[in-house]
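Written below as structure tokens is the structure these notes are about.
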Amino acid sequence: NAEYMGSDSAFGKRFMSSSRARSSSKAADLPSGVDLWQKIKEAAEPAAEDSLEKTCLFVGNKQDGKSTLIASFLNPAKAEEAQKPTVAMDYVYGRRAGAGGGSKRDIAHLFELGGGRLLSDLADVPINRDTVLNSIVIITVDLSQPSTVLSSLLFWISRTRRSVDAAMLDAQRKDSLAVSRFRQQFESRWANHPDRASLTLFPIPLVVVATKFDLFADTEAETRKWMARTLRYVCHSNGASLLYLSNKDKTLLTNFRTLLNHYVFQTAALKQDQKDHAKALAIVAAADSFEAIGPPPASGRGPATAGANNLEAWVTPFNRHFGAVDERGEEVDPFVEEIAKHPEPLVDSMRAQKDEELERYRRESERRERLEGNADGPLTASSTTTTVRSSSPLSRASPTPQDTAAAPRKRSSTSSTRSSARPSAS
Numbered sequence: 202n203a204e205y206m207g208s209d210s211a212f213g214k215r216f217m218s219s220s221r222a223r224s225s226s227k228a229a230d231l232p233s234g235v236d237l238w239q240k241i242k243e244a245a246e247p248a249a250e251d252s253l254e255k256t257c258l259f260v261g262n263k264q265d266g267k268s269t270l271i272a273s274f275l276n277p278a279k280a281e282e283a284q285k286p287t288v289a290m291d292y293v294y295g296r297r298a299g300a301g302g303g304s305k306r307d308i309a310h311l312f313e314l315g316g317g318r319l320l321s322d323l324a325d326v327p328i329n330r331d332t333v334l335n336s337i338v339i340i341t342v343d344l345s346q347p348s349t350v351l352s353s354l355l356f357w358i359s360r361t362r363r364s365v366d367a368a369m370l371d372a373q374r375k376d377s378l379a380v381s382r383f384r385q386q387f388e389s390r391w392a393n394h395p396d397r398a399s400l401t402l403f404p405i406p407l408v409v410v411a412t413k414f415d416l417f418a419d420t421e422a423e424t425r426k427w428m429a430r431t432l433r434y435v436c437h438s439n440g441a442s443l444l445y446l447s448n449k450d451k452t453l454l455t456n457f458r459t460l461l462n463h464y465v466f467q468t469a470a471l472k473q474d475q476k477d478h479a480k481a482l483a484i485v486a487a488a489d490s491f492e493a494i495g496p497p498p499a500s501g502r503g504p505a506t507a508g509a510n511n512l513e514a515w516v517t518p519f520n521r522h523f524g525a526v527d528e529r530g531e532e533v534d535p536f537v538e539e540i541a542k543h544p545e546p547l548v549d550s551m552r553a554q555k556d557e558e559l560e561r562y563r564r565e566s567e568r569r570e571r572l573e574g575n576a577d578g579p580l581t582a583s584s585t586t587t588t589v590r591s592s593s594p595l596s597r598a599s600p601t602p603q604d605t606a607a608a609p610r611k612r613s614s615t616s617s618t619r620s621s622a623r624p625s626a627s
């Protein structure tokens, strides 16, 4: 500008001197070593808003209603629609506007583990050191098959606890302060609970959903009573929330969505508290107690002695009443089931041929290992048998080195046996 106006003119000289003065005064305000252009760039960019991200892992036996739960959470209108069976692991996500408004969107990552116990190791995938502090585990059990409810619940609590503990350990190595803050905040709701010292809290929020309540509601009152009390005991011992659910009851579906929204999007907590076994249970974590649950069936002990470390006192009468079922041998590889639905003659014949070759190779390997073990090992019954055959009239061939080495041992053993037998014979 000074050049345009003429640097030799009086106005141009005054403009240049005032510009230098302003530049020098602003430069004096900046600390040394500061990148001015970086400061300008940061000031021009809008401040990034932190989005809340949560991971939800749905686990349970096959056909327990996990897909229906996810569909009803994302879209209540699809709660009664038939869902396709999940093979291995399925992933979907949900978003909603953040609590502060604006462009921020909170995200829920929903993982469903299909295939039942056979693929339970996949629980380690979504629960890792980067997600564990923002994760929730949802375990489903099927009330229409009451004999499987307790064994399934205990298995999945144990299996997911193992995944969470391993992820917590890795997260602590990465940021021990963050893990400490999380534990302090998570356990704060139990600080004044009378049963706190007797509980083995699940490390992260845990929700147990007993599905298909409509098929269980018409059973005998005594059956509903012991199912409810046993589930309450297990859930309370692990610090879990417990909900009965039916995809035909909109009120129960609303309870589930309210509870999960609270954990995922930090909305208002579920206020309903239903402990009557004649109705659908709705008990949030820390709202139950061993005193309210009462003693196990036919134990003869009062509520004070019916606390934690007493699981067997509940499992035995439960299995006696509902029947124990060993589900370990009932699992079928879901990939095999899925492939069987789509036959390919050429591929199937080649697969059968390769399976046969693999089995033949396995048998040959085992046979070779047995022969090598016999050849390298000490004198055994097989070498003694060889010596006996060499002395028979049917085998007059020259003795082998093994026979020559074994023969003196056999004669000495025989002579010693005879000498030791003479005194007893006399």
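Each step along the sequence shown adds one to the number in my numbering, with nothing skipped, and position 357 is 558.
Every residue, glycine too, gets a C-beta built ideally from N, C-alpha and C.
The structure displayed is predicted, hence computed values, not measured ones.
Residues sharing a beta bridge with residue i, DSSP
i	result
H310	T256, Y294
G261	T341
S336	T256
D365	Reading off the sequence, residue 365 comes out as Val, not Asp. According to DSSP, V365 bridges with nothing at all.
A411	V342, Y445
Nearest to residue i (by Cα), restricted to the options the options
i	options	result
T349	V548, D322, F519, N335	F519
R330	A367, I405, V260	A367
H463	L400, P406, R571	P406
K375	L400, Q385, V333	V333
T431	T287, R297, G261, H522	H522
E492	F457, D450, E282, R433	R433
E421	L471, K480, Q475, N448	K480
T412	Q239, K449, K255	K449
N393	A487, G315, V409	A487
R360	F383, L351, S321	S321
N262	A398, L547, V410	V410
E513	A553, P544, V435	V435
I328	Y562, L378, S364	S364
R296	V326, T287, T256	T256
T401	G440, F383, Q385	G440
Contact test: residue i Cβ vs the ligand ADP heavy atom, cutoff 7 angstroms
i	result
S273	Among the components modelled here there is no ligand, and therefore nothing to report on the ligand ADP.
Nearest-angstrom Cα separation, counted from residue j out to residue i
i	j	result
L258	G574	49 angstroms
D477	R306	38 angstroms
I339	L443	10 angstroms
P497	F403	22 angstroms
S438	S490	9 angstroms
D396	F312	32 angstroms
M290	L454	23 angstroms
L323	A483	29 angstroms
L237	V380	38 angstroms
A178	K555	Residue 178 cannot be examined here, being either before or after the span of the chain that is shown, 202 to 627.
V260	R362	12 angstroms
S389	S336	18 angstroms
Q264	L355	18 angstroms
V485	L446	14 angstroms
V293	A278	17 angstroms
F457	Q473	11 angstroms
L319	Q239	54 angstroms
S566	L559	10 angstroms
S399	A309	33 angstroms
E254	G266	24 angstroms
S550	K285	29 angstroms
Q467	A298	12 angstroms
A429	S353	15 angstroms
E281	T452	14 angstroms
P370	L314	The sequence given here has Leu at residue 370, not Pro. If I take the Cα positions, the gap works out to 23 angstroms.
V408	H543	37 angstroms
Coil, strand or helix - residue i by DSSP
i	result
S447	coil
T431	helix
D343	strand
H478	coil
V350	helix
S490	coil
T148	Residue coverage of the chain in this structure runs from 202 to 627, which leaves residue 148 outside it and unanswerable.
A392	coil
A483	strand
G317	helix
P286	coil
P546	helix
G574	helix
K305	coil
D325	helix
P277	helix
N456	helix
N511	coil
Minimum Cβ-Cβ distance from residue i to chain D less than 8 angstroms
i	result
N335	The chain inventory of the structure shown lacks chain D, comprising one protein chain alone.
Point to revise | the stretch 410-423 / the stretch 343-362 touching (three or more Cβ pairs under 8 angstroms) | key: These segments touch.
Check your understanding: Quick one: any contact between the stretch 257-274 and the stretch 422-441, if contact means 3 or more CB pairs under 8 angstroms?
Key -> Judged by pairs of C-beta atoms under 8 angstroms, the stretch 257-274 does not touch the stretch 422-441, as fewer than three such pairs exist.
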